[in-house]
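Numbering (this note's numbering), first residue to last: 33 to 244.
The structure appears below as structure tokens.
Right, dumping it as structure tokens:
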């Protein structure tokens, strides 16, 4: 089985601080990784390295066998990142946000409409995103992620700002991504939700792999 991602002795420094230090691990295609650790442990930096947003200071990050630092433009269409910022267009409606992405991806807009219905946003589809609650914005971000059909899904605290019903929906969609063959990296403080969704776990402390 080939690896979806691999860290080869990776370190990342910001100023004098090493956010990730001498980290090596691999995750096979289609598997799911639960990423845990206290605030400042390096989880978000690791996700940003996988998203090709930042480059390692030392070492090499491989995505689907390709050097992420050298092939970032070719790799980015295969990656979806759900983070603290939803990157939604606040003045556009929910449907307009999704339709724009659908057209960029060459997908029919009706596919986006179906996902809005599934995520319970159909009744608000024609309203500007700036009128949405934080939880609704996260649901819309999930619609955009699912529309992209990524090979690698990076989820940073996906359960935050969701009510119990929203958390159950999120778990369902993460399972669906895994069943579809998407490689998932899930960073969360809510370990009880992540454990049932992931095949393996990496715990970070001061940017290094550590035992829980």
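We treat Cβ as the ideally placed atom computed from N, Cα and C, and that holds for glycine.
One or two residues paired with residue i in a DSSP bridge
| i | result |
| --- | --- |
| residue 35 | 60 |
| residue 49 | 46 |
| residue 231 | BP columns for residue 231 are empty, so no partner. |
| residue 107 | Beta-bridge pairing links residue 107 to no other residue. |
| residue 219 | 67, 188 |
| residue 237 | 240 |
CB contact flag (residue i, residue j, <9 Å)
| i | j | result |
| --- | --- | --- |
| residue 58 | residue 239 | no |
| residue 92 | residue 41 | yes |
| residue 132 | residue 173 | no |
| residue 218 | residue 196 | no |
| residue 257 | residue 137 | The structure shown does not extend to residue 257, since the chain spans only 33 to 244, so no value can be given for it. |
| residue 127 | residue 157 | yes |
| residue 214 | residue 184 | yes |
| residue 161 | residue 220 | no |
| residue 55 | residue 241 | yes |
Assumed close pair residue i, residue j - CB separation to whole angstroms, cut-off 8 Å
| i | j | result |
| --- | --- | --- |
| residue 235 | residue 77 | Contact flag wrong, Cβ pair sits at about 15 Å. |
| residue 111 | residue 182 | 6 Å |
| residue 88 | residue 101 | 7 Å |
| residue 94 | residue 37 | 7 Å |
Buried versus exposed call for residue i [16 or more other C-beta atoms within 10 Å across all chains shown]
| i | result |
| --- | --- |
| residue 14 | Lying before the first or after the last residue shown, residue 14 is absent from the chain, which here runs from 33 to 244. |
| residue 224 | exposed |
| residue 165 | exposed |
| residue 129 | buried |
| residue 118 | buried |
| residue 64 | buried |
Ignoring anything shorter than 3 residues, give me the beta strand (DSSP E) runs that lie fully in the region 64-105, in order along the chain. 64-68, 90-95
So within the region 166-212, which uninterrupted beta strand (DSSP E) runs reach at least 3 residues, ignoring any that extend past its ends? 184-188
I'd like the ranges of any beta strand (DSSP E) spanning at least 3 consecutive residues and lying wholly in the region 109-154. 111-114
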